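Data first, discussion second: the structure below is written as structure tokens.
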Amino acid sequence: QVQVVESGGGLVQAGGSLRLSCAASGSTFNIVVMGWYRQAPGKQRELVAIITKTGITNYADFVKGRFTISRDNAKNTVYLQMNSLKSEDTAVYYCRAQSLLANYWGQGTQVTVSS
4 QVQVVESGGG LVQAGGSLRL SCAASGSTFN IVVMGWYRQA PGKQRELVAI
54 ITKTGITNYA DFVKGRFTIS RDNAKNTVYL QMNSLKSEDT AVYYCRAQSL
104 LANYWGQGTQ VTVSS
């Protein structure tokens, strides 16, 4: 079993920055991909960025050039550096840890960008 805990959300003005952290614990040796997703009110959850165990990354078009995902394998932690935040980035951000057999989600962290 894997536990996933996000932190780092909050309220920020448009144009500002936040860094989210996601720590995985438990049976983490099987995790191959970790990523960030977000869900705004009334909308479906969507992919923000993912990173493999070997460091390969993939980003949604709407965050390219603004967000950076990184990973510390020794700490089983993934980070999402968010710069140039926009009001439309307001959402609950969820971390997902993916093994070959299962997906594990955190409880989410709220990011609110005021215009």
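Position 106 of the sequence shown, counted from 1, bears residue number 109 in our numbering, the numbering being contiguous throughout. Virtual Cβ for every residue (Gly too), placed ideally from N, Cα, C. Note that the coordinates shown come from a computational prediction; the quantities given were computed from them, not determined experimentally.
Going by the DSSP bridge assignment, what does residue i pair with across the sheet?
i, result
"V95", "Q42 and Q113"
"L104", "Answer by DSSP bridge pairing: none, since L104 is not bridged."
"R22", "Q84"
"V5", "G29"
"I54", "M37 and T60"
If you run the structure through DSSP and keep just helix, strand and coil, what is residue i?
i, result
"N61", "strand"
"V66", "helix"
"S10", "strand"
Return the CA-CA distance between residue i and residue j, expressed in angstroms with no decimal places.
i, j, result
"V66", "S102", "25 Å"
"M37", "T60", "10 Å"
"S90", "Q113", "13 Å"
"S28", "N79", "7 Å"
"G18", "S117", "9 Å"
"T31", "L104", "12 Å"
"G58", "D92", "24 Å"
Are residue i and residue j touching if we call contact CB-CB under 8 Å?
i, j, result
"A100", "V8", "no"
"V35", "I54", "no"
"L88", "L21", "yes"
"G11", "S24", "yes"
"I72", "A94", "no"
"N86", "R69", "yes"
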